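Notes for the one structure printed next.
Residue numbers (this note's numbering): 302 to 478.
Below you can see the structure in the form of structure tokens.
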């Protein structure tokens, strides 16, 4: 898989992660609860050198055990080639910290800004010269649309689109001390 495709797919799994201020913690928790579970669906690179490349992703989302946030584990595949994907975001201080794959210091991405609502998340993403944004919106309990854009000059240009469907029932549990 090309580095651009890997970076783009890593941006795409940002769909279930986000940033906001603690004042909006209730919306954050609501959103994170809604994306817990199994998700699968097609995506396509819609701009750039690899325009028209189609892929399929499968993700398992879990709420973070000790903080407001979540982790996603899964993979995306193009034809016979598969790339493991991992993302984790947790609230820390006045915002969120997170990384996709091994973060911007490695071959992944960092989360640098964002906003979480009850049915959507918008995050700012960063990797060296690559600046971008990801928007994920829950159309309903079982459907999530994701758009990843990169900054070109002063414009945000959409480069990846995905449509994920929930593939299993939502399971939530609470552990008591």
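Using N, Cα and C, we set each Cβ at its ideal position, and we do this for glycine too.
Just so we're clear, the structure is a prediction, and the values are computed from it rather than from any experiment.
- Membership of residue 341 in the beta strand (DSSP E) is indicated by the continuous run 338-346.
- Listed as beta-bridge partners of residue 457 by DSSP are 452.
- Only buried fits residue 450, as 16 or more other CB atoms lie within 10 angstroms of its CB.
- The DSSP-derived three-state label of residue 468 is coil.
- With respect to the C-alpha of residue 416, the residue from 445, 437, 460, 431 having the closest C-alpha is 437.
- For the pair residue 376 and residue 439, the Cα-to-Cα distance works out to about 21 angstroms.
- In this structure residue 378 is in contact with residue 356, their Cβ atoms being roughly 6 angstroms apart against a cut-off of 8 angstroms.
- Put simply, the backbone Cα of residue 452 is about 29 angstroms away from that of residue 335.
- With contacts defined as CB atoms closer than 8 angstroms, residue 424 and residue 346 fail to qualify as a contacting pair.
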